[in-house]
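Protein chains: 2
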Amino acid sequence: MEEEKQTIRAVERALDVLLTFTAGNDLGLTEISQRVGLHKSTVFRLLATLEHRGFVIRDEATEKYRLGLRVLELSASLQREDDPALMLIGEMERLRDQLGETISLYVRDRKDRVRIQAVQSQQAIRRVAPVGARLPLSVGASSKILLAFAEPEVQDLLLHDPSWPASLSPETYKEQLREIARAGYATSFEEREPGAAAISAPIFGRNGKLFAALSVSGPSNRLTPDSMLESAPAIVGAAKRMGAMIG
Amino acid sequence: MEEEKQTIRAVERALDVLLTFTAGNDLGLTEISQRVGLHKSTVFRLLATLEHRGFVIRDEATEKYRLGLRVLELSASLQREDDPALMLIGEMERLRDQLGETISLYVRDRKDRVRIQAVQSQQAIRRVAPVGARLPLSVGASSKILLAFAEPEVQDLLLHDPSWPASLSPETYKEQLREIARAGYATSFEEREPGAAAISAPIFGRNGKLFAALSVSGPSNRLTPDSMLESAPAIVGAAKRMGAMIG
DNA sequence: ACCAATGTTTCGTAGAGTGGAACGGAAGAA
DNA sequence: TTCTTCCGTTCCACTCTACGAAACATTGGT
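Right, here's the structure in full:
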C-alpha cells in the first residue's frame, strides 16, 4: 500500500535536524540529537554540514545552534512577483479595518495547513498570527473550509489517513463538511485554542479550484457565534472578490 | 591551510540543489543537474528526498520543481519575537517618508551581505529591495560600511579571501575603508547597478559592535553625490537612534 | 576537587549512496 | 504515421561514505 519513494537517509536526517528549529529557540547539540533520535556524532556532522552552507549558525555567546540567513534567502525566492498572497494584502487590510480582527490566509500543504499571509488586528487584545505557521487540518474554521472544498478524492484520503485523529469519525465529519460546503463558510469556537474563535470562507481561483481559505480570527468574547453569523456575508464577499483578483 | 570540517557529501549536495532555487523560476530535473554538476539520477534522488520533507514541490501543470512551503515555515522561525529587524521598521518608515527613497538593512553573513529588512519607496520610480537578497561584500555603499566597521581581523580575512575580486587591491581598498570609518558613512554611485545610488551608515549595538548597515537607495538622478552629502546627517542620525533601540 | 553534562575526534565496518546504463513516455520533426 | 530527441525514472553492482561506539576534551556546577 505504502509507496515508498527512494530517498537518501543522510539528507532526510539533515532535513529533520533543520526542522527541529521550527520550535523557535536556539538548541544545543545534545538536545537536537535527542529530539531527532540520532547519535550525537551523527547530528554533529549533520550540523557541521548545515553550518557550512549557512543554513544554521552558532550563537557566539551561548554556542548554541540557530537558523542561518540562508533560509531567509530561500524564503525570498519562494515569493514570486505574481505571488497571490502579495496581491491580496490590500483586500485583507480592508477587511481587517472593517472588522477590526486579524485576517489570515491558509493553504493546504500535504496533510497540514500553512498560513501564507496575515494582517494583524490593531486592537490591544488580538490574535497574533505569524506567517509560515503550520497547523493541523483537523481543527479550526479554515481547516474545515480547506477540507470541505477540496477535491473529493483528497478529502477521502485525508480523512482516512493515519495522521487523522482517531477521535474524529470520518463519516460524521464528512457530513459536517457537506453542511459547510452548503453554507459557504465555516466557524470555530474555542476549538484549537481556548479563548479564540474564527470564521473562514473559501477563495476560488479562475479555474474553479480552491486556492486558499480566508480567515478572520480573534478573542471569543468579541467573535461570538452571533457576531460571526452577522459578519459572515462580508467575509464570504471579500473571499469572492479575492478569487477574482488572482489568475 | 584550509581547515576542512568533516561534512556529509550527500547533504551538501542536497543543500546545493535547494540553493539552486534562489534563481527564482521553476526548474526541471535536467536543468538542476546541469547547474549543480551532478548526475541526473543523483539529483533525482536528492529531489525526491527534499520533496518528501516538503522543501520542494512539483508544479502540477509543468511538472517542474519549485520551493515548498516548508521553507516559509523555517523562515518564520528565523524571526524571534525580539527580532531587531522587526523593531526597526518604524524608524525605517520614518526615514523613508523623510527622504522618499527605499530603506534597507544589511547584515554581514560570512562573505556576503544579506538584506534582512526593507521598506520600499512610494515613488513611481524607485529601488525595489526584496528582503532576503544576498549581495557581494565588495561593492555598494553598505558593503563598505560592513567592512569598514568590522573587527580588524575579519576585515583582513575578507579582503584577502580568494573570493575577493582580484581587481580590487586590498591595500588601497583598506585605505578607502579607513576614510569611510572617519566620515561615518559611505556612498556608492552606479557601482553595482547602473542608474542606482545609495548612502549607508552603521548601526552599532549596545556592546559597541557593528550590528547592521542602514542604507538609502534610489535612482542616481535623484540620489546625486550632492544630495547624498546633504542627507547624510539625517541617515547617520537615524542609524544612531536605531542602535539605541536594540538590546 | 570532583562529578556531570556537553561538544568533538577517531576509527573499523556495514551498507548506503553513487553513476553508468537502460527503460518508458512525451513532444516534435520529417 | 514513423523516426528522433529529450526528459524523467528505474535498475544494479561497486566503492567509498556515512555511521555509531567509544574515547577524549572542555566546561560548569556543587
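Residue numbers (our numbering), protein chains in the order written: chain A, 1 to 247; chain B, 1001 to 1247.
Ideal Cβ positions, reconstructed from N, Cα and C, are used throughout, including at glycine.
Bear in mind that the values here come from a model prediction, so they are computed numbers and not experimental data.
Using the beta-carbon of each residue, which ones in chain A are nearer than 8 angstroms to residue 1039(B)? One-based indexing of the second sequence puts residue 1039(B) at position 39. Listed by position along chain A, the residues whose Cβ is nearer than 8 angstroms to that of residue 1039(B) form an empty set, because the closest Cβ is around 13 angstroms away.
Where does the unbroken beta strand (DSSP E) through residue 1117(B) begin, and where does it stop? Locating residue 1117(B) in the second sequence gives position 117, where the first residue counts as 1. Its beta strand (DSSP E) spans residues 1112–1119.
Which residue's Cα is closest to the Cα of residue 17(A): 67(A), 103(A) and 172(A)? Counting from one through the first sequence, the residue named residue 17(A) turns up at place 17. Of the listed residues, the one whose Cα sits closest to residue 17(A) is 67(A).
For residue 96(A) versus residue 218(A), is the C-beta distance shorter than 8 angstroms? For the purposes of this step, residue 96(A) is identified with residue 96 of the first sequence, where counting begins at 1. For the purposes of this step, residue 218(A) is identified with residue 218 of the first sequence, where counting begins at 1. Residue 218(A) is positioned such that its CB atom lies no closer than 8 angstroms to that of residue 96(A).
Contacting residues, own chain, Cβ-Cβ under 6 angstroms from residue 1192(B) (five flanking each side not counted): Numbered from 1 along the second sequence, position 192 holds the residue referred to as residue 1192(B). Only 1139 and 1140 meet the Cβ criterion.
Quick check on this structure: which residue in 1135(B), 1077(B), 1089(B) and 1117(B) has the alpha carbon closest to the alpha carbon of residue 129(A)? Within the first sequence, the letter at position 129 stands for residue 129(A). Checking every option, the nearest Cα to that of residue 129(A) belongs to 1077(B).
Mind checking residue 202(A): buried by the 16 CB within 10 Å criterion, or exposed? Numbered from its first residue, the first sequence carries residue 202(A) at position 202. With at least 16 other beta carbons inside 10 angstroms of its own, residue 202(A) counts as buried.
Going by the beta-carbon positions, is the gap between residue 105(A) and residue 117(A) smaller than 8 angstroms? For the purposes of this step, residue 105(A) is taken as residue 105 along the first sequence, with counting starting at 1. For the purposes of this step, residue 117(A) is taken as residue 117 along the first sequence, with counting starting at 1. Contact flag set, yes.
Where residue 1043(B) sits in the DSSP three-state scheme: One-based indexing of the second sequence puts residue 1043(B) at position 43. Residue 1043(B) falls in the helix class under three-state DSSP.
Leaving out the 5 sequence neighbours to the left and right, which residues in its chain are closer than 8 angstroms to residue 55(A) when beta-carbon positions are compared? Your numbering for residue 55(A) matches position 55 in the first sequence. Closer than 8 angstroms at the Cβ level, and outside the excluded window around residue 55(A), lie 18, 67, 68, 70 and 71.
Let's see if you can read the secondary structure: which residues bound the beta strand (DSSP E) around residue 227(A)? Walking along the first sequence from the start, residue 227(A) turns up at place 227. Not the beta strand (DSSP E): residue 227(A) falls in the alpha helix (DSSP H), residues 225–245.
Establish whether the CB of residue 144(A) and some CB of chain B are separated by less than 8 angstroms. For this step, residue 144(A) is matched to residue 144 along the first sequence. It does not: the Cβ of residue 144(A) has no partner Cβ on chain B nearer than 8 angstroms.
Taking one C-beta from the stretch 1024–1036 of chain B and one from the stretch 20–40 of chain A each time, how about it: are there three or more such pairs within less than 8 angstroms? Short answer: they don't touch.
Three-state secondary structure (DSSP) of residue 8(A): Along the first sequence, one-based indexing puts residue 8(A) at 8. Residue state, collapsed to three classes: coil.
Would you decide whether residue 3(A) is buried or exposed? Buried here means 16 or more other CB atoms lie within 10 Å of its CB. In the first sequence, the residue the question calls residue 3(A) occupies position 3. Confidence is the limiting factor: at residue 3(A) the pLDDT is only 47, short of 50, which leaves the residue's position unreliable, though a coordinate-based value still follows. The residue is exposed, with fewer than 16 neighbouring Cβ atoms inside 10 Å.
Identify every run of the alpha helix (DSSP H) within the stretch 80–107 of chain A, keeping only runs that are complete inside it and at least 4 residues long; order them along the chain. Entirely contained in the stretch 80–107 of chain A, the alpha helix (DSSP H) runs reaching 4 residues are, in chain order, 84–87 and 89–99.
Under the three-state reduction of DSSP, which class applies to residue 30(A): helix, strand or coil? For the purposes of this step, residue 30(A) is identified with residue 30 of the first sequence, where counting begins at 1. Three-state DSSP puts residue 30(A) in a helix.
Can you find the residues in the same chain that come closer than 6 angstroms, C-beta to C-beta, to residue 200(A), ignoring five residues on each side of it along the sequence? Working through the first sequence from its first residue, we reach residue 200(A) at position 200. Cβ within range, chain order: 141, 142, 145, 186, 213 and 215.
Does any residue of chain B have a CB that is nearer than 8 angstroms to the CB of residue 77(A)? Along the first sequence, one-based indexing puts residue 77(A) at 77. Among the CB atoms of chain B, one or more fall inside 8 angstroms of the CB of residue 77(A).
Would you verify that the beta carbon of residue 1186(B) is, or is not, closer than 8 angstroms to some beta carbon of chain A? As a position in the second sequence, residue 1186(B) is number 186, starting the count at 1. Closer than 8 angstroms: no.
Beta-carbon separation of residue 1180(B) and residue 10(A) under 8 angstroms? Taking the second sequence and counting its residues from 1, one reaches residue 1180(B) at position 180. Taking the first sequence and counting its residues from 1, one reaches residue 10(A) at position 10. Between residue 1180(B) and residue 10(A), the C-beta spacing is not below 8 angstroms.
How far does the alpha helix (DSSP H) with residue 70(A) in it reach, from first residue to last? Your numbering for residue 70(A) matches position 70 in the first sequence. Run containing residue 70(A): 70–78, per the alpha helix (DSSP H) assignment.
Which same chain residues, not among the five before or five after residue 1084(B), have their C-beta less than 6 angstroms away from its C-beta? Position 84 of the second sequence, counting from 1, holds the residue named residue 1084(B). Shown here for residue 1084(B): same chain residues with a beta carbon closer than 6 angstroms to its own, the five before and five after excluded, namely 1246 in chain order.
To which residues does DSSP link residue 19(A) through a beta bridge? The residue given as residue 19(A) occupies position 19 in the first sequence. In the DSSP output, where bridge partners are listed per residue, residue 19(A) has none listed.
Between 1224(B), 1005(B), 1211(B) and 1149(B), which has its C-alpha nearest residue 1196(B)'s C-alpha? Residue 1196(B) sits at position 196 when you count from the first residue of the second sequence. Checked all of 1224(B), 1005(B), 1211(B) and 1149(B); the closest Cα to residue 1196(B) is 1224(B).
Contact set between residue 22(A) and chain B, taken where Cβ atoms lie within less than 7 angstroms: Residue numbering aside, residue 22(A) sits at position 22 when the first sequence is read from its first letter. Within chain B, the residues near residue 22(A) are 1073, 1074 and 1077.
Would residue 1067(B) count as contacting chain A if we go by Cβ distances under 8 angstroms? Here residue 1067(B) refers to the residue found at position 67 when the second sequence is read from its first residue. So, interface residue.
Taking Cβ-Cβ distances shorter than 7 angstroms, what residues in chain A pair up with residue 1149(B)? The count along the second sequence starts at 1 and reaches residue 1149(B) at position 149. Residues of chain A with a Cβ closer than 7 angstroms to the Cβ of residue 1149(B) do not exist, since the nearest Cβ in that chain sits about 17 angstroms away.
Any beta carbon from chain A within less than 8 angstroms of residue 1160(B)'s own beta carbon? Position 160 of the second sequence holds residue 1160(B). Judged by the 8 angstroms Cβ criterion, residue 1160(B) is not in contact with chain A.
Please tell me whether residue 1133(B) has its Cβ less than 8 angstroms away from any Cβ of chain A. Here residue 1133(B) corresponds to residue number 133 of the second sequence, with the count starting at 1. For residue 1133(B), at least one C-beta of chain A is nearer than 8 angstroms to its own C-beta.
Candidates 131(A), 75(A) and 61(A): which alpha carbon is nearest residue 115(A)'s? In the first sequence, counting from the first residue as 1, residue 115(A) sits at position 115. Taking each of 131(A), 75(A) and 61(A) in turn and checking the Cα distance to residue 115(A), the smallest one comes out for 131(A).
Straight-line Cα distance separating residue 162(A) from residue 171(A): Residue 171(A) sits at position 171 when you count from the first residue of the first sequence. Residue 162(A) sits at position 162 when you count from the first residue of the first sequence. If you take the alpha carbons of residue 171(A) and residue 162(A), they lie about 15 angstroms apart.
In its own chain, which residues sit with a C-beta less than 8 angstroms from the C-beta of residue 1112(B), not counting the 5 before and 5 after it? As a first step, residue 1112(B) must be located in the second sequence, where it is residue number 112. Listed in chain order, the non-local C-beta contacts of residue 1112(B) below 8 angstroms within the same chain comprise 1134, 1135, 1136 and 1137, local neighbours out to five positions each way being set aside.
From this set, 39(A), 102(A) and 15(A), which residue's C-alpha is nearest residue 198(A)'s C-alpha? The residue you call residue 198(A) lines up with position 198 of the first sequence. The residue with the shortest Cα to Cα distance from residue 198(A) is 102(A).
Suppose the cutoff is 7 angstroms on Cβ atoms and the five residues either side in sequence are ignored; what does the same chain contact list for residue 1220(B) look like? In the second sequence, the residue the question calls residue 1220(B) occupies position 220. Result list for residue 1220(B): 1189, 1190, 1195, 1196 and 1197, in chain order.
Cβ neighbour criterion (16 or more within 10 Å) applied to residue 121(A): For this step, residue 121(A) is matched to residue 121 along the first sequence. Burial call: buried.
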